[in-house]
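Worksheet for the structure shown next.
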Amino acid sequence: MKKTIFALSLILLTFMSITALAQEGDRHKEDGFSARIEAGAIGINTTDQLFVDEKNEKTDNLNDEADSFSITLPAVMFDLRYKFRDTDTEVYLGTPLKGSGTVLTLGLTQTFIDKSKLNVSIFSGMMVEVWKNPYIAGVARNGTDVEDVGFTIDYDRILDTGLNLYYRYNQVDVDEDVIGTIFNDLKRDGIIHTTGLGYMINLDKGNIIIPGFEYSKADMDGESNSYNGYKIKIGYKRMKKDYILSTFVSVVKKDYDKTHSIFNKTRDEKGYSAIAIFTLLNPLGYDKFFTNFIAGYGYSDSNIDFFDKRTYISGITIGYNF
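Residues in the sequence shown are numbered from 1 upward in steps of one, following our numbering.
Quick look at the structure:
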């Protein structure tokens, strides 16, 4: 398998975020170093024309989604943290999964007297690829690297409530953007601004609901790839002594700015995703270990059939908290 997009589809956006929530607990109460490592495998079955993999190199049809194909990818993540003595300041380095793939993240968190927490981080995407020209049929397509860097500002538990606000800045640079040199309106370099809010509702000691809303503005060099995006999401978490069940459902809509030069339509997409993660704590009595069982589904419907996609995901990871 060639170097590929390591993260998968819309539903995988939630994977590490929910897993991290599941493992927060009492990890960082003491001063000094703490760490979490996690490894496993993720299985994907998808019809995504834009997914870069050798099984999807050649397409014979630009007027429909790809034939479904399946792959299995390794998943290796880590999270290292240091809490400064006699302060509420913590620095961390990790490799969570984000929308564009695995990212190397360096950040700092500060907890204030009202129990609110400010998290500021910078990140750089790893192992991210796109097709040089996705819109060629009958011959093998070639991938090219994408540089995806940015920063995130996240303010949580505002005024000792369940309110969370965040802003994310992504700068995207496609190495060999062949299609962008053919059609200026299809250039893929640019900046993506994302703002969102959520609210954690404690139903009781072991059950939490987290509704949220997110708005994104993609200001790309190619106007046909620029868009306004909207996401409504809701999460549910059930926490018990021996396990944590996390579920997440979202609905997404993207409105693009200009007519697509290949398909002569202005792209319009909507879709939904759902994922469930069952975290088994201290499996078989092994203290500090945890196992995640993952299952999910994502669907995207576009007025341009080429961009339709269905993705199924399953996986298992095993981790250890130091």
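Cβ coordinates follow ideal geometry from the N, Cα and C atoms, glycine included.
Please read these numbers as outputs of a predicted model, since none were measured by experiment.
Identify which residue in the options has its Cα closest to the Cα of residue i.
i    : options                : result
M220 : I232, K237, S250, G180 : G180
A41  : N228, L62, K288, V76   : V76
S273 : I37, D301, D305, G285  : D301
T161 : V139, M126, M200, N142 : M200
N321 : D48, D31, F78, F51     : F78
S330 : G107, K117, Y135, V139 : Since the first residue of the chain shown is 1 and the last is 322, residue 330 is not available in this structure.
I122 : V128, Y169, F112, F84  : Y169
V139 : D173, K55, F213        : K55
I158 : I113, Y135, A137, D60  : I113
G222 : L186, K115, R141       : L186
W131 : R81, D255, T59, D268   : T59
Is the Cβ-Cβ distance between residue i and residue j less than 8 Å?
i    : j    : result
F293 : I275 : no
D324 : R188 : Since the first residue of the chain shown is 1 and the last is 322, residue 324 is not available in this structure.
T95  : V103 : yes
I232 : S216 : no
S314 : H260 : no
Y166 : G196 : yes
N63  : D305 : yes
Any idea which residues DSSP pairs residue i with across the strands?
i    : result
I44  : I71, I313
N170 : G150, I192
Whose C-beta lies closer than 7 Å to the C-beta of residue i among residues of the same chain, with five residues either side of it excluded?
i    : result
N207 : R238
Q171 : V149, G150, I191
Tell me which residues share the same chain as residue i and place their Cβ nearer than 8 Å to its Cβ, disregarding the 5 neighbours each side in the sequence.
i    : result
N282 : D242, K288, F289, F290
Name the two residues that bound the continuous alpha helix (DSSP H) containing residue i.
i    : result
Y181 : Inspection of the sequence shows that residue 181 is occupied by Thr rather than by Tyr. It spans 178-182 - the alpha helix (DSSP H) in which T181 sits, taken as one unbroken run.
Which residues in the same chain have their Cβ closer than 6 Å to the Cβ of residue i, if we skip the five residues on either side of it in sequence?
i    : result
Y312 : N45, Y297
L245 : R238, F278
T111 : D88, K117
So residue i is in the beta strand (DSSP E); what residue range does that whole segment cover?
i    : result
V52  : Run containing V52: none; DSSP gives neither H nor E here.
R85  : That residue, R85, is in no beta strand (DSSP E); it is neither H nor E in DSSP.
R267 : 266-281
D242 : Segment: none, D242 is in no beta strand (DSSP E) and carries neither H nor E.
G162 : Where G162 is concerned, there is no enclosing beta strand (DSSP E), given that its DSSP letter is neither H nor E.
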